[in-house]
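This report concerns only the one structure given below.
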Amino acid sequence: MAALLELHDLGVTYRTAAGPVPAVRGVDLTLGAGDTLGVAGESGSGKSTVALSVLRLLPRSATVTGRILLEGEDVRTMRWGRLRAVRWSSAAVVFQGAMHALNPVRRVGEQIAEPLRLHAPPGTARAAMPDSRLRARVADLLAAVGLPETRARAYPHELSGGQRQRVMIAMALACEPRLILADEPTTALDVLVQAQVLNLLRGLVAERGIGLMLISHDLSVLAATCARVAVMYRGEVAEHGPAADVMRRPRHPHTRALAAAFPTVGDPESRYAPATATALPPEPPGRGTREEPAVLAARGLRVRFRDRAGGEVAAVDGVDLDLRRDEIVALVGQSGSGKTTLARTLLALQRPSAGSVLFRGDPVPRSGTALRAYRRQVQLVLQDPAAALNPRHTVYEAVAEGPRIHRLPGDERSRVVAALEAAELRPAAEFLSRLPHELSGGQRQRVVIAGALALEPSVLVADEPVASLDASVRGEILALLLRLRREIGLAALVITHDLGLAWNIADRVAVMYRGRLVEEGAVEKVLLDPQHEYTRELLAAAAVPGTGEPAERGV
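Going left to right, the sequence shown walks through residues 1 to 555 as UniProt numbering numbers them.
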């Protein structure tokens, strides 16, 4: 029997104003029924281009060579009518970023039904399905992905990130395809929801015998979910083999870099050692034996919001937290746990309902010049550097904006250059006139950090600072945060759903659940000997690299 998908010497070249750009070269991959194949790589490696070429979803500027056999039939030579019939019914795509892929003004039930209306094979019962049966089919699809029938009437913004991703999977299953192509389906999801989505995909493979191609930059996720993994580098397959072998015994230098970028909790070699081109020196002996007074502290902090029914929801419920000089604290928890609301309150962007925020022992002012001075001392680093930077402002303007607003004395250019150097954009003069689109993702994040450093703050609050970055860039940004902590004594609160990140760079970890801090202490103590059931669930839900099995406990 022919394989579901065969790629033979696949090549993709894009036509640009500067000339042809080869994106994929000589890719040979095979995927059978009931098989799982993970495709790993950084941005620009060609992994999404490979997936989109399977259903000819690439832009017109792309030239495709080689053979793409879908159940033995070459997709490249299909007529438009045949290709339209194949899409959704033979192979379907789960796109990255469900909020962007779903129509925001249509109910999700209508969107799940759309593939049934448009792509069911002619002559089948589905093609002329009455509305009553269509609604029943949508309810069945929602049940298959673990959502109640009532969610069919919801709009995308009324669903959580995990629920939206489940809707995307339900759409992909609508026409009962034999092959599913999932492009970064768990990006930006918290660890519990990620585990649920991965378990759902793997369960569908086992129950329905479909083939699954799962694309991710996180090698540990692929190794925990897929039987085989292919690693792409500069448009070519650099390594391909059983998931356990690729993760535990990587042969290619790029594969080793990907594996090192997502450390496992408990690995002593990755403690205070992010994956970087230049290794950091070890931590000095005796670190953490002297407890300094808190630079920033929360005392009995509560934040309540009104819900649609007129009641109240406790987003932050009685939190006590200290942040000291020369210390990184990781604030971990799943989406909706209250992490971001707590951070906004510490930044004086959200007023507490009760309790207080203290800076150097004094209550944070609520208005006036004193509040402006406080906000200079406690700076925010956002998750998405592209959204944080004005696309029309040069790097110089982006970094100089804060000092201008706060009217800091001294030479502006010298301050901007010093901040860029501190953020490791060297030589700074080469970056001053560049616009954000002329920078890589890691360079843009360094510009955001430089903008904060230009104000000479005491505290950085970093909200998922590496969630949208490639594996290699991620390690460099984490190393930068460690260097800033060591060299200038900066205190940092890093908000994350990634326990491996907390193990990698944090001194202490605080676990947040339903608005409360349920566990807090030294990283080694909390992550290696968790006392609260929720902390144990977070650790159990993390991917187990090299086993070919997703974590199932606590999900």
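Even for Gly, the Cβ is constructed at its ideal location relative to N, Cα and C.
This structure is a prediction, so every number in the text was calculated from the model and none was measured.
*The alpha helix (DSSP H) with Ser-356 in it runs from where to where?*
Note, Ser-356: premise wrong, no alpha helix (DSSP H); beta strand (DSSP E) at 354-359.
_Please list the terminal residues of the continuous beta strand (DSSP E) segment that includes Val-313._
Segment 312-324, the beta strand (DSSP E) holding Val-313.
_If you reduce the DSSP assignment to three classes, tell me which class Asp-140 lands in._
The three-state secondary structure of Asp-140, taken from DSSP, is helix.
*Can at least three beta-carbon pairs, one atom from the stretch 59-73 and one from the stretch 248-268, be found at a separation below 8 Å?*
Touching, no, given that fewer than three Cβ pairs across the two stretches are closer than 8 Å.
*Inter-residue spacing [alpha-carbon to alpha-carbon] between Phe-359 and Arg-324*: When rounded, the distance between both Cα atoms is 11 Å.
*Does the distance from the CB of Ala-541 to the CB of Ala-243 come in under 8 Å?*
With a cutoff of 8 Å on beta-carbon distance, Ala-541 and Ala-243 are scored as not near each other.
*Could you give the DSSP three-state label for Gly-203: helix, strand or coil?*
Note: Gly-203 maps to helix in three-state DSSP.
*asked:* So, with DSSP's three-state summary, where would you put Ala-174?
replied: Looking at Ala-174 - three-state DSSP - the assignment turns out to be coil, as it is neither helix nor strand.
*Quick one: using the 10 Å Cβ neighbour count with 16 as the cut-off for buried, is Ala-522 buried or exposed?*
Exposed.
*asked:* So if DSSP puts Glu-519 in a beta bridge, which residue, or which two residues, is it bridged to?
replied: Paired residues: Val-511.
_Span separating the alpha-carbon of Glu-464 from that of Met-232_ = If you take the alpha carbons of Glu-464 and Met-232, they lie about 26 Å apart.
*Which value, in whole angstroms, describes the spacing of the CA atoms of Gln-350 and Arg-344?*
Rounded to the nearest whole angstrom, the C-alpha separation of Gln-350 and Arg-344 is 5 Å.
*For Ala-101, which option in Val-21, Thr-36, Glu-524 and Glu-184 has the closest C-alpha, if you only look at C-alpha atoms?*
For the residues Val-21, Thr-36, Glu-524 and Glu-184, the minimum Cα distance to Ala-101 belongs to Glu-184.
*Own chain, CB closer than 8 Å to Val-226, minus 5 neighbours either side, in chain order*: One point to set straight first is that residue 226 is Cys, not Val, in the sequence displayed. Answer for Cys-226: Thr-36, Leu-37, Gly-38, Leu-212, Leu-214, Ala-243 and Gly-548, listed in chain order.
_Just to check my reading of the structure: Val-332 and Val-509 have Cβ atoms closer than 8 Å, yes? What is that Cβ distance to the nearest angstrom?_
Confirmed, Cβ separation roughly 6 Å.
*Within its chain, find whatever has a CB closer than 6 Å to the CB of Ala-422; leave out the 5 residues flanking it on each side and keep chain order.*
Cβ neighbours of Ala-422 beyond the five flanking positions: Leu-453.
*asked:* Using CA atoms only, rank isn't needed, just tell me which of Ala-223, Ala-172 and Tyr-513 is closest to Ser-89.
replied: Looking at the Cα atoms, Ala-172 is the closest of the given residues.
*Would you kindly work out how many angstroms separate the C-alpha atoms of Thr-124 and Arg-79, rounded to a whole number?*
With a pLDDT of 48 at Thr-124, under the threshold of 50, the predicted position of this residue should be treated as unreliable, though the coordinate-derived value follows. Taking the straight line from one Cα to the other gives about 21 Å.
*With a cut-off of 8 Å on the beta carbons, I'd call Leu-482 and Ala-450 a contact; round off their distance for me.*
The beta-carbon separation of Leu-482 and Ala-450, rounded to 17 Å, does not stay under the 8 Å limit for a contact.
*Are Arg-153 and Arg-107 closer than 8 Å when you measure CB to CB?*
Contact flag set, yes.
_Among the candidates Thr-13, Ile-180, Asp-9 and Ala-98, whose CA atom is the shortest distance from the CA of Ala-92?_
The shortest Cα separation from Ala-92 among Thr-13, Ile-180, Asp-9 and Ala-98 belongs to Ile-180.
*If you run the structure through DSSP and keep just helix, strand and coil, what is Thr-255?*
DSSP, read as helix, strand or coil, puts Thr-255 in helix.
*From the DSSP output, read off the bridge partner residues of Tyr-14.*
BP columns for Tyr-14 point to Val-21 and Ala-62.
*Where does Ala-419 sit, in a helix, a strand or coil, going by DSSP?*
It is helical.
*Pick out whichever of Val-24, Gly-19 and Leu-29 has its Cα sitting closest to the Cα of His-8.*
With respect to the C-alpha of His-8, the residue from Val-24, Gly-19 and Leu-29 having the closest C-alpha is Leu-29.
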